[in-house]
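Beneath this line is the structure, given in structure tokens, with notes to follow.
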Amino acid sequence: MSMIRSISGVRGVIGQSWTPTLVANHIIAFTQLLESSHYNQQQKKIVVGRDSRVSGPWFEMITNGSLISRGYEVIHIDIASTPTVQYMVEKTKSSGGIVITSSHNPIEWNGLKFIGPDGLFIAPKECEILFDMADKPETFKFCGYEQLGRVERCLDANQQHVGSILSLPFLDIKKIKERKFKVCLDSVNGAGGPIMSYLLTELNCEVIGINLETTGLFAHTPEPVPSNLGQLCEIVKKYNADFGIAVDPDVDRCVFIDEHGKPLGEEYTLAMAVELILGDCGRRGNVCKNLSSSRAIDDICKKYDSQVICAPVGEIQVAKKMQQVNAIIGGEGNGGVMLPDIHIGRDAPVAATLALQLMANRHSVASSISKLKETLPTYEIVKLKAGIEGLDPDSILAEYTSQYKDKQGVIINQDDGLKIDSQDWWVHLRKSNTEHIIRVIAEAKTVKEANDIASKFIEEIESKRK
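1 is the number of the first residue of the sequence shown in the UniProt record's numbering; add one for each residue after it.
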């Protein structure tokens with residue numbers, strides 16, 4: 001199986017696409033990129049963290065050794081969430097950061113995510129330069145013995161990260177603690193067990209944990225979507241919990257289960273965060289989301305006289321847009337919340353804290369998380385795929401653009417594939433760079449309407465193969 005390179009870093013399957021040499025080549029290329037005119041970093045200090053995957057330790061040793069050979073000080077934070085690495089890059093004023101993770105991919109995968117000195121993932125242009133450098137190991141240069149780097153272990157990165165969240169001046173942590181929430185937590189044996197347990201304990205929650213051990217032996221398919229969260233749903237009901245929380249292996253996505261054991265919907269993590277910041281905290285400003293995120297965010301922003309600005313799908317795309325427009329909050333509809341007060345990156349501990357604050361604040365009018373959801377704009381979103389083996393995806397998108405561009409009441413956006421936005425529904429068509437598919441994301445007021453819209457487009461697309 002070939003390696004996947006994208007704006008999310010580089011990923012591959014252990015024993016197939018990944019070799020120790022390839023790991024080292026990408027690490028060394030990253031240091032060369034940081035020292036080039038693109039970043040011009042001179043201090044040679046990098047934060048390294050990893051999720052709990054079984055292959056993590058050997059990735060980590062090669063990563064640290066490669067950095068030492070290039071004269072870098074390694075701030076080693078061991079098993080840690082991706083947002084913790086991002087936070088620590090900014091906190092320690094490091095040249096950059098490396099996260100050893102393959103996010104929600106299955107256990108046999110691992111990968112590398114690269115973080116610039118601003119705490120953001122490196123931009124798409126810089127990714128291409130890094131990948132090109134990694135393919136030219138004959139250009140690498142190394143230090144003599146007198147210039148070798150070293151490893152500095154940091155054992156309290158989780159505490160520093162959580163401490164910064166709980167110190168946010170617009171939060172009322174006392175009010176959260178008074179609620180004494182009973183929370184079921186599933187971290188799928190990824191990196192989230194320690195930091196999420198610590199956060200919830202600090203918020204005076206009773207934590208009932210499943211799959212919290214950082215073994216990397218994922219108890220179920222690790223992406224936190226409803227089809228993978230059956231165990232958590234049952235535990236919530238069994239223990240009569242107030243709600244459940246699930247995070248992915250590198251802890252940048254956070255989703256909720258209501259008190260009845262029903263998934264709230266990953267789109268509502270960002271919706272609750274935006275409702276808190278604009279409504280309860282009274283802040284005003286720009287809010288960023290990706291093009292595939294729910295219209296609920298638009299409705300909330302309209303209510304509070306704030307503007308929604310959309311970006312292509314991908315954390316770095318949303319982050320860059322947030323920087324450009326000085327957004328006060330942003331995120332993606334997959335459970336990712338980005339709060340610049342901490343750092344501009346998807347952050348499950350931030351998402352959880354903001355949701356708990358909203359629940360504590362609104363308890364008198366919404367006694368449960370399901371009641372709270374009823375007070376938010378209601379939409380249903382479906383995410384499906386159309387097979388396009390033998391077809392040209394660009395031609396398909398061009399045909400739809402021509403078909404809908406002059407229709408009254410329809411807005412077309414081509415920043416990332418094609419989004420067709422009408423009064424009652426929208427559909428987002430995105431070609432895949434790794435599969436012969438077009439992703440079809442649709443949203444409407446009901447699941448049936450959303451499914452019908454998505455199915456219509458899928459049938460039309462796949463009929464072209466006949």
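Even glycine gets a Cβ: it sits at the ideal position worked out from N, Cα and C.
This structure is a prediction, so every number in the text was calculated from the model and none was measured.
Give a yes or no on whether the minimum CB-CB distance between residue i and chain D is below 9 Å.
{"i": "residue 79", "result": "The chain inventory of the structure shown lacks chain D, comprising one protein chain alone."}
Nearest by alpha-carbon distance to residue i: which of the options is it?
{"i": "residue 323", "options": "41, 120 and 3", "result": "120"}
{"i": "residue 419", "options": "376, 399 and 204", "result": "399"}
{"i": "residue 257", "options": "278, 224 and 286", "result": "224"}
{"i": "residue 97", "options": "127, 85 and 459", "result": "85"}
{"i": "residue 81", "options": "70, 51 and 68", "result": "51"}
{"i": "residue 333", "options": "275, 381 and 132", "result": "381"}
{"i": "residue 194", "options": "152, 99 and 349", "result": "349"}
{"i": "residue 280", "options": "18, 359 and 339", "result": "359"}
{"i": "residue 103", "options": "201, 165, 307 and 347", "result": "347"}
{"i": "residue 372", "options": "430, 337, 16 and 355", "result": "355"}
{"i": "residue 298", "options": "317, 272 and 320", "result": "272"}
{"i": "residue 182", "options": "234, 167, 188 and 200", "result": "200"}
{"i": "residue 364", "options": "175, 462 and 16", "result": "175"}
{"i": "residue 67", "options": "57, 46 and 79", "result": "46"}
{"i": "residue 461", "options": "389, 90, 161 and 54", "result": "389"}
{"i": "residue 191", "options": "203, 438, 157 and 377", "result": "157"}
{"i": "residue 464", "options": "92, 386 and 407", "result": "386"}
{"i": "residue 417", "options": "446, 313, 352 and 126", "result": "313"}
{"i": "residue 207", "options": "242, 39 and 305", "result": "242"}
Answer with buried or exposed for residue i, where buried requires no fewer than 16 other C-beta atoms within 10 angstroms of its C-beta.
{"i": "residue 295", "result": "buried"}
{"i": "residue 315", "result": "buried"}
{"i": "residue 260", "result": "exposed"}
{"i": "residue 172", "result": "exposed"}
{"i": "residue 222", "result": "buried"}
{"i": "residue 155", "result": "exposed"}
{"i": "residue 330", "result": "buried"}
{"i": "residue 42", "result": "exposed"}
{"i": "residue 16", "result": "exposed"}
{"i": "residue 11", "result": "buried"}
{"i": "residue 282", "result": "exposed"}
{"i": "residue 403", "result": "exposed"}
{"i": "residue 218", "result": "buried"}
{"i": "residue 406", "result": "exposed"}
{"i": "residue 101", "result": "buried"}
{"i": "residue 249", "result": "buried"}
{"i": "residue 180", "result": "exposed"}
Output the distance between the C-alpha atoms of residue i and residue j, rounded to the nearest integer angstrom.
{"i": "residue 325", "j": "residue 4", "result": "31 Å"}
{"i": "residue 215", "j": "residue 328", "result": "36 Å"}
{"i": "residue 238", "j": "residue 263", "result": "15 Å"}
{"i": "residue 65", "j": "residue 30", "result": "14 Å"}
{"i": "residue 391", "j": "residue 427", "result": "20 Å"}
{"i": "residue 143", "j": "residue 49", "result": "23 Å"}
{"i": "residue 111", "j": "residue 409", "result": "43 Å"}
{"i": "residue 20", "j": "residue 149", "result": "20 Å"}
{"i": "residue 146", "j": "residue 133", "result": "26 Å"}
{"i": "residue 414", "j": "residue 394", "result": "11 Å"}
{"i": "residue 77", "j": "residue 453", "result": "46 Å"}
{"i": "residue 167", "j": "residue 22", "result": "41 Å"}
{"i": "residue 449", "j": "residue 429", "result": "17 Å"}
{"i": "residue 105", "j": "residue 162", "result": "26 Å"}
{"i": "residue 433", "j": "residue 164", "result": "37 Å"}
{"i": "residue 240", "j": "residue 209", "result": "14 Å"}
{"i": "residue 469", "j": "residue 2", "result": "Examination of residue 469 is not possible in this model, given that the chain is present from 1 through 466 alone."}
{"i": "residue 286", "j": "residue 69", "result": "44 Å"}
{"i": "residue 485", "j": "residue 118", "result": "Residue 485 falls outside the range modelled here, since the chain spans only 1 to 466, and no answer is possible."}
{"i": "residue 300", "j": "residue 275", "result": "6 Å"}
For the alpha helix (DSSP H) containing residue i, name the first residue and the last one.
{"i": "residue 233", "result": "230-238"}
{"i": "residue 496", "result": "With the chain covering only 1 through 466, there is no way to say anything about residue 496."}
{"i": "residue 321", "result": "315-325"}
{"i": "residue 179", "result": "173-179"}
{"i": "residue 413", "result": "Note, residue 413: premise wrong, no alpha helix (DSSP H); beta strand (DSSP E) at 411-413."}
Should residue i be listed as close to the ligand PLP, given that the test is whether its C-beta is under 8 Å from any heavy atom?
{"i": "residue 304", "result": "Although the ligand PLP was asked about, the structure shown includes no ligands whatsoever."}
Residue i lies in the beta strand (DSSP E); which residues open and close that run?
{"i": "residue 351", "result": "Run containing residue 351: none in the beta strand (DSSP E); it sits in the alpha helix (DSSP H), 348-361."}
{"i": "residue 6", "result": "4-6"}
{"i": "residue 365", "result": "Premise fails: residue 365 is in no beta strand (DSSP E) and is neither H nor E."}
Can you give, in chain order, each stretch of the beta strand (DSSP E) that sits fully within the region 111-165 and has at least 3 residues?
150-153
As an exercise, report each continuous beta strand (DSSP E) stretch of at least 3 residues that is fully enclosed by the region 194-264, in chain order.
206-210, 243-247 and 254-257
Alpha helix (DSSP H) runs wholly inside the region 61-120, at least 4 long, in chain order
82-91
Can you give, in chain order, each stretch of the beta strand (DSSP E) that sits fully within the region 32-66 and has at least 3 residues?
45-50
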